[in-house]
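Heads up: the structure comes next, in structure tokens.
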Amino acid sequence: MDTWVRLEVEDGVGTIRLDRPPMNALDTAMQEQIRAAAREATDRDDVAAVVLYGGERVFAAGADIKEMLAMSYADMEVRSRGLTSAFDSVARIPKPVVAAITGYALGGGCELALTADRRVGAATARLGQPEIKLGVIPGAGGTQRLARLVGPSVAKDLIFTGRMVDAAQARAVGLLDEVVEDEAPDAVYAAARAWAAQFVGGPAVALRAAKSAVDRGLDVDLGTGLEIERQSFAALFATQDRTIGMQAFVDKKPPRFEGR
-1 MDTWVRLEVE
9 DGVGTIRLDR
19 PPMNALDTAM
29 QEQIRAAARE
39 ATDRDDVAAV
49 VLYGGERVFA
59 AGADIKEMLA
69 MSYADMEVRS
79 RGLTSAFDSV
89 ARIPKPVVAA
99 ITGYALGGGC
109 ELALTADRRV
119 GAATARLGQP
129 EIKLGVIPGA
139 GGTQRLARLV
149 GPSVAKDLIF
159 TGRMVDAAQA
169 RAVGLLDEVV
179 EDEAPDAVYA
189 AARAWAAQFV
199 GGPAVALRAA
209 KSAVDRGLDV
219 DLGTGLEIER
229 QSFAALFATQ
239 DRTIGMQAFV
249 DKKPPRFEGR
């Protein structure tokens, strides 16, 4: 089997690199390789944060339509479960994750970007959920993660029309968190990596708790969310990093966290 997705680790930052020219079309094999890379990033202690990156020209232009065309309902009932769970495996990486978006992030590509905690895009990036133009709807988190990120009205407009938005529009509605104007080929990746690198040597347990509390809280009512936060906060008092961080603050020294 060809390897189209790989995890590259350097100086504490893991990069999940999509590399299926020309457009990083997301077929079944690539889906499973994304899952494997996410699990590896989760399990490796030498990975403090993760960058999702499709290369200098394109993030991912969506599903492999040729593969999907021949599928029946029964086929897609099985395939859709695997696709959803593969993307969930990225969303559930218990570390900060940032998507570095160049070129197109459409359909499944946009949905993959939505699994990240932050999205950095080139000024020339184009994002959208064009599935409606194929007679279907987003099927890997688009109707759910997009609505939670930009609000239901904006999400419905993008999903109903299937239109693409440019980087400026995406930034305005909250689909992108940062737009990189620098035209250097690696500028977007460099910006995303710089954001990720700040967590190397950080309080890994607290970062994991913070991400979990925010994500879990979005799915429940406020009272339940506050209880999730309270329990997570209290639990951190059992960690070595909490002792290190507070003692360093009292001693007016920079903390040297151990990740436990």
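By the count of the numbering used here, the sequence shown reaches residue 258 at its end, each step adding exactly one.
By construction, the Cβ of each residue, glycine as well, lies at the ideal position given by its N, Cα and C atoms.
Residue i and residue j: beta carbons closer than 8 angstroms?
i	j	result
valine 88	aspartate 115	no
glutamate 30	alanine 97	no
arginine 214	methionine 162	no
isoleucine 91	valine 48	yes
alanine 153	alanine 165	no
valine 11	alanine 195	yes
tyrosine 187	tyrosine 102	no
valine 46	glycine 243	This sequence places alanine at residue 46; valine is not what is there. No; because the gap between Cβ atoms is not below 8 angstroms, this pair is not in contact.
alanine 23	glycine 60	yes
alanine 207	leucine 234	yes
lysine 93	leucine 205	yes
glycine 139	threonine 82	yes
Taking DSSP as the reference, what is the three-state secondary structure of residue i?
i	result
arginine 258	coil
glutamate 176	strand
glycine 199	coil
isoleucine 130	helix
arginine 146	helix
glutamate 54	coil
aspartate 41	helix
threonine 13	strand
glutamate 75	helix
alanine 121	coil
arginine 116	strand
leucine 261	Any question about residue 261 goes unanswered here, given that the chain covers just -1 to 258.
glutamate 8	strand
isoleucine 226	helix
Relative to the C-alpha of residue i, which residue among the options is closest?
i	options	result
valine 203	Leu104, Gln238, Gly172	Gln238
isoleucine 99	Leu156, Gly10, Leu174, Ala27	Leu174
proline 136	Ala190, Ile157, Asp17	Ile157
alanine 211	Met21, Val198, Leu220, Ser230	Ser230
glycine 105	Gln127, Pro252, Gly149, Lys93	Gln127
leucine 107	Arg15, Lys209, Leu5	According to the sequence as given, residue 107 is glycine; it is not leucine. Of the listed residues, the one whose Cα sits closest to glycine 107 is Arg15.
leucine 110	Phe57, Val148, Asp155	Phe57
alanine 190	Ser151, Glu54, Leu147, Ala170	Glu54
leucine 268	Asp86, Asp43, Asp25	Beyond the ends of the chain as shown, which are -1 and 258, falls residue 268; an answer cannot be given.
arginine 18	Asp0, Thr241, Ala246	Asp0
alanine 168	Ala34, Thr13, Thr122	Thr122
isoleucine 130	Pro150, Asp155, Ala120	Asp155
aspartate 62	Ala27, Glu38, Leu220, Asp43	Ala27
aspartate 180	Leu5, Ala120, Thr13	Ala120
Near residue i, what residues of its chain come up, given a Cβ to Cβ distance below 6 angstroms and the 5 sequence neighbours on each side ignored?
i	result
alanine 236	none
arginine 266	Here the chain has residues from -1 to 258 only, and residue 266 is not among them.
threonine 40	Ile91
alanine 182	none
Please go through the same chain and pick out, in chain order, the residues whose beta-carbon is closer than 8 angstroms to the beta-carbon of residue i, but skip the five residues on each side of it.
i	result
valine 218	Ile226
threonine 141	Ile135, Ala153, Ile157
phenylalanine 255	Gly199, Gly200, Pro201, Ala202, Asp239, Ile242, Gly243
Please look up how many angstroms separate the CB atoms of residue i and residue j, rounded, as I've assumed it's under 8 angstroms.
i	j	result
valine 177	alanine 185	Their Cβ separation, rounded to whole angstroms, is 11 angstroms, which puts valine 177 and alanine 185 out of contact at 8 angstroms.
methionine 69	arginine 79	That belief does not hold up - the Cβ atoms of methionine 69 and arginine 79 are roughly 13 angstroms apart, past 8 angstroms.
aspartate 9	valine 198	7 angstroms
valine 7	arginine 42	7 angstroms
Whose C-beta lies closer than 7 angstroms to the C-beta of residue i among residues of the same chain, with five residues either side of it excluded?
i	result
proline 253	Ile242, Gly243, Ala246
valine 148	Val171, Gly172, Leu173
Chain B beta carbons: is any one of them nearer than 8 angstroms to that of residue i?
i	result
serine 210	Within the model displayed, chain B is absent; a lone protein chain is all it includes.
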